[in-house]
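Visitor: Each residue of the sequence shown is one higher than the last, beginning at 0 in numbering that gives the first Met the number 0.
For every residue, glycine included, the Cβ atom is placed at its ideal position computed from N, Cα and C.
This is the structure I want to talk about, given as structure tokens.
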Amino acid sequence: MTAQPPRISPALSDYLPTKEVARRLHISPRTLERHRMLGTGCGFSKIGGRVLYRRVDIEAWVERCMRDSTSASGTPVQERK
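Here's what the structure looks like:
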């Protein structure tokens with residue numbers, strides 16, 4: 000009989016490690032580390048030495064980063080209707 004891999008709870012499958020988030024956002028893991036240090040990134044959980052991001056927090060952060068133009072330094076897009 001072959002051993003089955005442990006099942007991951009659906010709640011835990013909503014968490015992604017730093018490298019996976021960086022890959023999906025096309026940025027370096029170091030950029031995410033810098034955002035964590037400065038407090039400018041999305042929320043994260045630290046379990047032991049491992050950093051995990053919830054998908055919902057990543058999506059919210061990306062939305063907060065939306066801008067109207069490159070000349071609008073740091074001004075978020077107004078709520079769109």
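When DSSP labels each residue in this structure, what does Ile46 get in the three-state scheme?
Guide: Ile46 falls in the strand class under three-state DSSP.
Visitor: Short check: CB of Ala21 to CB of Leu31, under 8 angstroms?
Guide: Against a cut-off of 8 angstroms, the Cβ pair of Leu31 and Ala21 comes out as a contact.
Visitor: Could you tell me the distance, in whole angstroms, from the CA atom of Gly42 to the CA atom of Arg23?
Guide: About 16 angstroms.
Visitor: Assign Val61 to buried or exposed, taking buried as 16 or more other Cβ atoms, counted over all protein chains shown, within 10 Å of its Cβ.
Guide: Label assigned to Val61: exposed.
Visitor: Between the C-alpha atoms of Thr69 and Leu15, what's the straight-line distance to the nearest angstrom?
Guide: Each residue's alpha carbon lies about 29 angstroms from the other.
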